[in-house]
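As structure tokens, the structure follows; a few thoughts come after it.
Protein chains: 2
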Amino acid sequence: MFRMSEQGSPPSRPTIRDVAREAGVSVTTVSHALNGKGTASEATRQRVLAVADRLAYRAHPMARGLRQGRTGVLGLDMRPLDAIGSYLPEGVDYFMRFAGAAAVTALDHGLGLMLVPDLTRSDIPQYAHGVDGYVVGDPVRDDPVLTRLIDASVPVVTVGRDPGRPAFTDWVGPDDLYETKRVLDLLRSRGAERIALLAGTDDNAWNVDSEKAYRSWARRHGMPARVLHIPEAAGEDGGADAARRLLKGRQPRPDAIYCQTGRHAAGVLAEAHRLDLSVPGDLLIAAGSDAQQTRHATPAITALDLVPEESGKAAVELLIARLAGDTRPGPIILPAELRTRASTGDA
Amino acid sequence: MFRMSEQGSPPSRPTIRDVAREAGVSVTTVSHALNGKGTASEATRQRVLAVADRLAYRAHPMARGLRQGRTGVLGLDMRPLDAIGSYLPEGVDYFMRFAGAAAVTALDHGLGLMLVPDLTRSDIPQYAHGVDGYVVGDPVRDDPVLTRLIDASVPVVTVGRDPGRPAFTDWVGPDDLYETKRVLDLLRSRGAERIALLAGTDDNAWNVDSEKAYRSWARRHGMPARVLHIPEAAGEDGGADAARRLLKGRQPRPDAIYCQTGRHAAGVLAEAHRLDLSVPGDLLIAAGSDAQQTRHATPAITALDLVPEESGKAAVELLIARLAGDTRPGPIILPAELRTRASTGDA
DNA sequence: CATACAGCACAAAACGTTTTAGAAAAAGGT
DNA sequence: ACCTTTTTCTAAAACGTTTTGTGCTGTATG
């Protein structure tokens, strides 16, 4: 159909010049007609469109990008991908829902989404530098990736704020303080009187703010605060360890444990069973993020669903707005959904 | 540092021209020095490298791509992302492990990986057409995405073969026939005498070949073949439905069920419990793909781990080999790992 | 009848590279 | 001193677009 050379050379894609020749107009006119820019007559425009369609012409993205300084691709840099050897991090569920929504949202705006495992590596792909903007997931305090992007004045939106950058407001995410209190209120209304917090060790807003909210809530309700930090990566084993310490120590036993991660929560539940404690009878359990582990545990574990579909969508949309010059201030706060389940005595 | 304009205009990235000027050579020389192409003297080369480093110069990916006809980005098109509304498909676990490995492998070769939800949509991003090559996940028979890419002579590698394209051998994946028999042999060695197959409805190689292997195996062992098809998307509920039909009908009750998907298997297990059947006492269960659901069920479900990390890596590497002109014939067969668990009476 | 002004189309410049083809300089051979 | 070869470097073309500026119609305005 549109092979250019008369000889038997490989079929190269048609260029704007081919369309111009075929339609009997200049390349300028073709470009204008296709982009609705110039002042072409309706007849000419239609003719060009028809020819372009017939040749299955599509502007070469690199040529277009080179000229107008945009690539049409957004970068997605999320921590979980950094893990060496295993791509099954704690947040697998969260990540997948997030990335899927982000990719589809970008698509809806005619943009691509490129996965960039770790922007701080020295051998990152050429292309990572040519991206129009970045979405960075769950930055840690003074995140180096963020520093790099901001220094290079690349538009960037994060999921959750950087605890070390109060002035940076281009982020989307839940109101961790409010959501934490919601869970604690639920536990209290189900009879809990000594709630322990099992937090992670990553220095991100989620951990920082949740602990802050927990302490302030405990103070206000005259409840003793007890916090344990376990690396996110320790997963269920880490949760089980923590549970053993909390439930078998000489301190008064907590009657509820609020775990930040779903896997920690699953570990706590497993350990409680090993200690012959009934859940929710002797112990209430809740998690700060929903996961396969919380949904499928027995009993199922009450958890905050951070609705990553929403944040993936919102993050990409905020980034696109920034790229378009929109400067309405962030952040964009997204409500989480509290999935009440059997581990707190709910349906 | 490298802001180009003397006025207070926005800091634009340095171009090759800036490096040339600063190093006192031509742009050609800079290009050659940076890409190790020309015949520059060692002294000049070093000087250029030093300047480029000082200016933090990086070739603009679009300009480079435009010139040499390569973008440095691979596309990844996987079915699960097509799901509307929910990005939590059956294969979440599989997908994430696959995509993560693929992204990192691409990175290791200095390439980016772009997520392209659905190539058959008309409004796909500009950029999707500019990608160097594609990895397409689990094609269905005569997959339209594949047709499109092959027609456009875009290099493409699939995960699992297209059942309608025997001549297309550029795929990576397990030997479904062999792996299926392995599972059936295991069930038989654990005492199963009537094994039912619970397959999906997608017309891909995985379903097609597994059923074929099952029927031939059953014939060879003089075992009655019984196959049920349930949509993959029906998930655990679908599995439970199927289990009810298989276990409560008037036909002789199967003493083992082999489910293609992990979620179906989890549904079967749940239903078996509701029917007061003990697993593995009264019923053996195995799954054709490992998932969160099989790992975390009680009892844990024996499953084939398709090791998506391996296939993600292999797919990207095969694609890169093709791009480099390597024509060693495919496919690349990857052994699966059989995770024996309590649902078949194993540890 | 000149002037102005739409309306329409186009040539050429620009984006930042890589590559081609060749020139200048240095070195070697008689 | 001259030719040949090798080494080192460079100007200009090319990649496929978009954008800028300009020219050419013809019709309305004075």
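Chains as they are written, first to last, in numbering that gives the first Met the number 0: chain L, 0 to 346; chain G, 0 to 346. Each residue gets a CB set at the ideal place from its N, CA and C atoms; glycine is no exception.
- Taken through DSSP and simplified to helix, strand or coil, L:H228 comes out as strand.
- Taken through DSSP and simplified to helix, strand or coil, G:R69 comes out as coil.
- About 53 Å separates the beta carbon of G:V182 from that of G:L33, a gap too long to meet the 8 Å contact definition.
- Nearest to L:D254 by alpha-carbon distance, out of L:G238, L:I284, L:A39 and L:L65, is L:I284.
- Rounded to the nearest angstrom, the gap between the Cα atoms of L:D131 and G:I194 is 54 Å.
- DSSP, reduced to helix, strand and coil, places G:L196 within a strand of the structure shown.
- Buried is the label assigned to L:P173, since at least 16 other Cβ atoms lie within 10 Å of its Cβ.
- In the displayed model, G:Y56 falls within coil according to three-state DSSP, outside both helix and strand.
- Those residues of the region 51-67 of chain G placed with their C-beta closer than 8 Å to a C-beta in chain L are R57, A58, H59, P60, M61, A62, R63, G64 and L65, ordered along the chain.
- Of L:R243, L:L48, L:A198 and L:G23, the smallest CA-CA separation from L:L227 is found for L:A198.
- The shortest CA-to-CA distance from L:V29 to any of L:S11, L:V50 and L:F167 is the one to L:V50.
- Contacts with chain L at 8 Å (Cβ-Cβ) do not include G:H31.
- G:M61 carries a helical assignment under DSSP once its states are collapsed to helix, strand and coil.
- Closest by C-alpha distance to G:A224, out of G:E192, G:P230, G:D281 and G:E235, is G:E192.
- The closest CA to that of G:D76, considering only L:P138, L:A102 and L:Y56, is found on L:A102.
- Measuring C-alpha to C-alpha distances from G:G329 to each of G:A341, G:T200 and G:E316 identifies G:E316 as the nearest.
- Residue-level contact check: L:L276 does not touch chain G, since none of the beta carbons of chain G fall below 8 Å from its beta carbon.
- Per the DSSP secondary-structure output, L:I331 pairs in a beta bridge with L:V171.
- Secondary structure note for G:L282: it is in no beta strand (DSSP E), with a DSSP letter that is neither H nor E.
- For G:V24, no chain L residue has a C-beta closer than 8 Å to its own C-beta; the minimum C-beta separation is roughly 23 Å.
- For L:T297, the chain G residues whose Cβ falls inside 8 Å of its Cβ are T297, in order along the chain.
- Per DSSP, G:T260 lies in no beta strand (DSSP E) and is assigned neither H nor E.
- Within chain G, the residues placing a beta-carbon under 9 Å from that of L:V115 are A102, L106, G111 and L112, ordered along the chain.
- Under the three-state reduction of DSSP output, L:A212 falls in the helix class.
- Secondary structure at G:G111: strand, using DSSP grouped into helix, strand and coil.
- Going by C-alpha positions, L:Q259 is about 16 Å away from L:A296.
- Out of G:L274, G:A239, G:I229 and G:D184, the CA that lies nearest to the CA of G:A212 is found in G:D184.
- When rounded, the separation of the alpha-carbon atoms in G:Y257 and G:T200 is 15 Å.
- In the DSSP assignment, L:V18 falls within the alpha helix (DSSP H) that extends over I15 to A22.
- Assigned with DSSP and collapsed to three states, L:D304 falls in strand.
- Counting along the chain, G:V158 sits inside the beta strand (DSSP E) bounded by residues V155 to V158.
- Residues of the same chain with a CB within less than 8 Å of the CB of G:D281, apart from the 5 flanking positions on each side, are D254 and A271 in chain order.
- Between G:S342 and G:L274, the alpha-carbon positions lie close to 16 Å from each other.
- Within the DSSP secondary-structure output, L:Y133 pairs in a beta bridge with L:G74 and L:V155.
- Below the 7 Å Cβ cutoff, chain G contributes no neighbours of L:G238, its closest Cβ being approximately 13 Å away.
- With distances taken between CA atoms, L:A127 lies nearest to G:G109 out of G:G136, G:D142, G:G109 and G:P138.
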